[in-house]
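These notes are about the structure you will find just below.
Protein chains: 2
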Amino acid sequence: MNEVVKKKSLTAEDWQDAALNVIAHQGVAAVAVEPLARELGVTKGSFYWHFSNRMDLVKQSLKKWRLGDKKLVEETILTIKNPKKRLLAWFKLSAEPIQSHLIYSTLLADRSHTLISKILKEITLERLSHLQQSYREMGFDEKFAKAQSLLAYSVYVGFLHMSKTLYGSLPDSKQAEEYAQFVAKQLLS
Amino acid sequence: MNEVVKKKSLTAEDWQDAALNVIAHQGVAAVAVEPLARELGVTKGSFYWHFSNRMDLVKQSLKKWRLGDKKLVEETILTIKNPKKRLLAWFKLSAEPIQSHLIYSTLLADRSHTLISKILKEITLERLSHLQQSYREMGFDEKFAKAQSLLAYSVYVGFLHMSKTLYGSLPDSKQAEEYAQFVAKQLLS
DNA sequence: ATAATACCATACGCTACAGTATGGAGCGGT
DNA sequence: ACCGCTCCATACTGTAGCGTATGGTATTAT
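Quick note, the sequences are listed as chains A and B, same order. Quick note on numbering: our numbering labels position 25 of the first sequence as 12, and the sequence is numbered without any gaps. Quick note on numbering: our numbering labels position 172 of the second sequence as 159, and the sequence is numbered without any gaps.
Here's what the structure looks like:
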């Protein structure tokens, strides 16, 4: 139905994609082997061939998510030379309704495993770092760039949660565009 | 040990407090009857005398949390006449390391039950409303006040999550004070 | 003192899921 | 045509938690 080509066998990535979808909408705790198997139309006999256990799936799924997100940012944001334009592009991307953001915001409230805390800390510091770098390139001093990037990133994180809470989903493209413009005006000048 | 006066029997509030503590640190999904009973030094025979089921506990716990938070804001924030000072006080309170904030930020990523979504939506809109009101009283027009309050509230929510992620807990009083000052400078002038 | 009520322990059945063990279908290589 | 590998189904065991049923103890009321 959903697939154009009906596959005969599943790959590890199929399981990871299904897991990431669950994480995005219900959190890591909701990633369960048997329900996922049912959803994919197989039994857990398949699962334990591809993965050693439940946490292994979570681990590899998050790895895939992280790589995909990194690639996206590197290609669409970090390639922009002008720091102000780069920040603006980041604000716009931040308000875009993509799964990656949902996963991130869900993980931010998850305290179920130290692995997750570790990954989150790394990612967050990475992102703060490149925001700070952009502010510095704009000519602001170290201290201001640090505080301002923390502020900007807080807006990003906060908005993700607000969107889910107030609308049940991320805003559509038009709303996102408008909000990004306002945020940029307040935090970029 | 922890109690000065060793109580002979538990009250419903004892269960609610224990539940709120779990919600703050591990989320609603982690609220389980038997583990809580063990923690409180009783069996679930006690629990099912005080509550009809697990969700009943969650429901009443969140009700208690909500009332307590409302009372706190009404007494320490809404009593301030000057809108600018009122907003500043709110910023400071927002960065304070209290359990109420932890609970709120945890719930924001919880999609386990429609009850929670409903409560969150109400609370968030309430808070946005009084922020917007303060900005209006400062002289800003309707549209700006709305966008700015959304921005400010996003910072609040985002900062909560960032704190947990980067430090494992909310910042101490000194850091909170500094950050609140910076935020106020950026969002209050 | 006795009866009622509040509070809790114990023991039970039930379900969902984790993980293992094993067998089997289908396919490519030779 | 047979072998071996990939992928999955089936059938277990084990555990954790939900909710119920019922009996027991301690406190309070009368």
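All residues carry an ideal CB built from backbone N, CA and C; glycine is no exception.
CA-to-CA distance, residue j to residue i, given in whole angstroms
i: His103/B; j: Tyr143/A; result: Position check: residue 103/B holds Ile in this sequence, whereas His was assumed. Taking the straight line joining both Cα atoms gives about 22 Å.
i: Leu54/A; j: Leu107/A; result: 13 Å
i: Ser92/A; j: Lys151/B; result: 12 Å
i: Val60/B; j: Glu129/A; result: 35 Å
i: Asn8/B; j: Trp2/B; result: 10 Å
i: Lys161/A; j: Leu75/A; result: 16 Å
i: Leu27/B; j: Leu49/B; result: 19 Å
i: Ile67/A; j: Lys172/A; result: 19 Å
i: Glu(-10)/A; j: Ser(-4)/B; result: Low confidence applies here, because Glu(-10)/A scores a pLDDT of 40, under 50, leaving its location unreliable; read the following figure in that light. Straight-line Cα distance between these residues: approximately 59 Å.
i: Ser141/B; j: Ala5/A; result: 30 Å
i: Lys133/B; j: Ile90/B; result: 25 Å
i: Gly126/B; j: Arg73/B; result: 14 Å
i: Leu138/B; j: Leu115/A; result: 18 Å
i: Gln47/A; j: His148/B; result: 24 Å
i: Glu164/B; j: Arg25/B; result: 39 Å
i: Ser39/B; j: Glu21/B; result: 14 Å
i: Ser176/B; j: Phe78/A; result: 22 Å
i: Phe169/A; j: Phe131/B; result: 9 Å
i: Ser156/B; j: Gly145/B; result: With a pLDDT of only 39 at Ser156/B, under the threshold of 50, the placement of this residue in the model should not be trusted; the figure read from the coordinates follows. C-alpha separation (whole angstroms): 14 Å.
i: Glu0/B; j: Tyr35/B; result: 14 Å
i: Leu174/B; j: Thr(-2)/B; result: 44 Å
Closest Cα partner of residue i within the set the options
i: Asp56/B; options: Ser33/B, Leu44/B and Ile110/B; result: Ile110/B
i: His117/A; options: Phe146/A, Leu175/A, Pro70/A and Ala171/A; result: Pro70/A
i: Glu83/A; options: Ala171/A, Glu62/A, Glu21/A and Ala167/A; result: Ala167/A
i: Ser87/A; options: Thr63/A, Leu174/A and Trp52/A; result: Trp52/A
i: Ser121/A; options: Tyr154/A, Val18/A and Ile64/A; result: Ile64/A
Unbroken alpha helix (DSSP H) run spanning residue i, endpoints
i: Asp4/B; result: Ala(-1) to Gln13
i: Pro22/B; result: Val20 to Leu27
i: Ser99/A; result: First-last for Ser99/A: undefined, no H or E at that position.
i: Thr152/A; result: Glu129 to Tyr154
i: Lys90/A; result: Correcting the residue identity first, residue 90/A is Ile in this sequence and not Lys. Here the alpha helix (DSSP H) through Ile90/A covers Gln86 to Leu94.
i: Lys51/A; result: Arg41 to Thr63
i: Ser176/B; result: Where Ser176/B is concerned, there is no enclosing alpha helix (DSSP H), given that its DSSP letter is neither H nor E.
Residue i CB to nearest heavy atom of the ligand GDP below 7 Å
i: Leu89/B; result: By its list of ligands, the structure shown contains no ligand whatsoever, and the ligand GDP lies outside what it can speak to.
Worksheet item: So does the region 0 to 18 of chain A actually touch the region 93 to 102 of chain A, counting three or more Cβ pairs closer than 8 Å?
Response: Three or more beta-carbon pairs separated by less than 8 Å link the region 0 to 18 of chain A to the region 93 to 102 of chain A, which places the two stretches in contact.
Item to complete: Please name the residues in the region 13 to 24 of chain B whose beta-carbon is closer than 9 Å to at least one beta-carbon of chain A, in chain order.
Response: Those would be Gln13, Gly14, Ala16 and Ala17, in chain order.
Item to complete: Would you list, in chain order, the members of the region 145 to 156 of chain A that have their beta-carbon closer than 7 Å to a beta-carbon of chain B?
Response: Correct list: Gly145, Phe146, His148, Met149, Thr152 and Leu153.
Fill in: Members of the region 121 to 142 of chain A that neighbour chain B once the beta carbon cut-off is set at 8 Å
So the close ones are Ala134, Gln135, Leu137, Leu138, Tyr140, Ser141 and Val142.
Practice prompt. Residues of the region 80 to 104 of chain B with a CB closer than 9 Å to any CB of chain A: list them in chain order, please.
Written response: Those residues of the region 80 to 104 of chain B that come within reach of chain A (Cβ to Cβ, closer than 9 Å) are Ser92, Thr93, Leu94, Leu95, Ala96, Asp97, Arg98, Ser99 and Ser104.
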